[in-house]
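**Student:** Top line first, the protein sequences correspond to chains A and B. Just so you know, the first sequence maps onto residues 661 to 776 in the working numbering. Just so you know, the second sequence maps onto residues 48 to 159 in the working numbering. We put the CB at the ideal spot given by N, CA and C, even for glycine. Values in this document were obtained by computation on a predicted structure and should not be read as measured data.
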Amino acid sequence: GAVVSQHPSRVICKSGTSVKIECRSLDFQATTMFWYRQFPKKSLMLMATSNEGSKATYEQGVEKDKFLINHASLTLSTLTVTSAHPEDSSFYICSARMGELENTIYFGEGSWLTVV
Amino acid sequence: KNQVEQSPQSLIILEGKNCTLQCNYTVSPFSNLRWYKQDTGRGPVSLTIMTFSENTKSNGRYTATLDADTKQSSLHITASQLSDSASYICVVSRSNDYKLSFGAGTTVTVRA
């Protein structure tokens, strides 16, 4: 089946620094990728929808200047957490949609971010 | 308001036993309903996906049902194994924009 890879799987950064998380579709082209945040024992919360070659669409309450999303190619989207704070510590998951009409979405393995 | 409600929130079962998880939704217009298994600290893995016309779908020991009239779905786990311990998430997709609505998940713990 289709594979979506996230990197890094775990990252620790200092407060005030920025950290980038990559999401790659390994064997298909993903015109749309999604970024989620998940707190312990909670469901996934959609942060933004990323379309290749255009600006991301952010959900209400998500700071676009805080969480920079770039979808530079059909197989890669990146999420950059800027000026990270301890409250940004969370599990971040991406998903990729295969094609426009085929409503099939594959999730990445997730990335644990810890801000110290 | 969460448009996908799952129950129970958590359950504990003995290895070898069966269990059933419930999902009620109000998402409209409906496209499809998916069940995912999410191990702690991992991304969700798809178990089943059902469209409006499908009533049941199986994937090994996992069997999902869908009643689109009552907007209810269930996931039945047969002969549970320790590796079934995970969170099971019900996800409903809208047909107009394919936006996904996530349930909060049911945490299943299988004990020997």
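May I ask you to list the residues that DSSP assigns as paired with B:Gln53?
**Tutor:** Partner(s): B:Cys70.
**Student:** At a cut-off of 7 Å, is B:Gly90 close to the ligand GDP when judged by its beta-carbon and the heavy atoms of the ligand?
**Tutor:** Judged by which ligands are present, the structure shown has none, so any question about the ligand GDP falls away.
**Student:** Cutting at 7 Å between CB atoms, please list the residues of its own chain near A:Leu704, excluding the five before and the five after it.
**Tutor:** So the qualifying residues of the chain are Tyr696, Gln698, Ile753.
**Student:** What residues of chain A sit near B:Pro91, judged by a beta carbon separation below 7 Å?
**Tutor:** By Cβ distance, chain A contributes Phe767.
**Student:** For B:Ile59, decide whether its Cβ has a neighbour in chain D, counting only Cβ atoms nearer than 8 Å.
**Tutor:** Within the model displayed, chain D is absent; protein chains A and B are what it includes.
**Student:** So A:Leu704 contacts chain B; which residues on that side make the cut at Cβ distance below 8 Å?
**Tutor:** The answer, in chain order, is Pro91, Ile136, Phe149.
**Student:** Given a cut-off of 8 Å on the beta-carbon distance, is the pair B:Thr153 and B:Leu58 in contact?
**Tutor:** Their beta carbons are under 8 Å apart, which means B:Thr153 touches B:Leu58 by this criterion.
**Student:** With 16 other CB atoms within 10 Å as the buried threshold, where does A:Gln666 fall?
**Tutor:** The residue is buried, with at least 16 neighbouring Cβ atoms inside 10 Å.
**Student:** Over the uninterrupted beta strand (DSSP E) stretch that includes B:Arg108, give me the two end residues.
**Tutor:** Segment: none, B:Arg108 is in no beta strand (DSSP E) and carries neither H nor E.
**Student:** Quick one: which unbroken alpha helix (DSSP H) runs of 4-plus residues sit fully inside the stretch 701-767 of chain A? Chain order, please.
**Tutor:** Listed in chain order, there is nothing to give.
**Student:** Who are the near neighbours of A:Val663 in its chain, counting only those whose CB is closer than 8 Å to its CB and skipping five residues on each side?
**Tutor:** Cβ neighbours of A:Val663 beyond the five flanking positions: Ser685, Leu686, Asp687, Tyr766.
**Student:** At 8 Å on the CB atoms, spell out the chain A contacts of B:Gly88, in chain order.
**Tutor:** Correct list: Phe751, Gly770, Trp772.
**Student:** Look at A:Ser710 and A:Thr692 and say whether their C-beta atoms are less than 8 Å apart.
**Tutor:** Yes, the pair counts as a contact, with Cβ atoms nearer than the cut-off.
**Student:** Using a 10 Å radius around the Cβ and a threshold of 16 neighbouring Cβ atoms, would you call B:Leu122 buried or exposed?
**Tutor:** Classification of B:Leu122: buried, given that the 10 Å Cβ count is 16 or more.
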